[in-house]
Amino acid sequence: MEQKTFKDLSNEQFRRLLENLAEDDATDLPESKFFEALAAIDAANQQTVLEFKGKVVDGKLVLNENAPVPVKDNEILLGRHRLVITIEAVQPE
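Under the working numbering, residues 26 to 118 are what the sequence shown spells out, in order.
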């Protein structure tokens, strides 16, 4: 019999597994498998940090071209989206 990991389960199978935990007959689930499931959920929800570096040239932001996604001057290109970053100069009072 082939053993499945939590990554192999469909959403419906995983949901049923969690529902079974609430039932009295779910005591045969090894503790390690339960914590493996929690770790898989946590890993699936990790945020990705995208770091951008740049400099101001002639009053305009210019992002470094070695960014984690395509950039052009002050624009970040994400699929069909184009994020434009504008910097306003703050005058001292």
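Using N, Cα and C, we set each Cβ at its ideal position, and we do this for glycine too.
| Cα-Cα, which of Gln116, Leu43, Glu100 is closest to Val109? | Glu100
| field | Those runs of the alpha helix (DSSP H) which lie wholly inside the segment 34-70 and span at least 4 residues | value | 36-46, 56-69
| Those residues which DSSP pairs with Gly79 across a bridge | Leu88
| task | To the nearest angstrom, report how far apart Leu88 and Leu46 are at their CA atoms. | result | 50 Å
| Between Asn36, Gln28, Glu56, Lys29, which lies nearest to Ala69 when the distance is taken from Cα to Cα? | Asn36
| field | Sub-9 Å separation of Glu61 and Phe31 beta-carbons | value | yes
| field | Counterpart residues of Arg107 in DSSP-defined beta bridges | value | Leu102
| Under the three-state DSSP convention, the category Lys32 falls into | helix
| query | What did DSSP end up calling Val96 once you bin it into helix, strand or coil? | reply | strand
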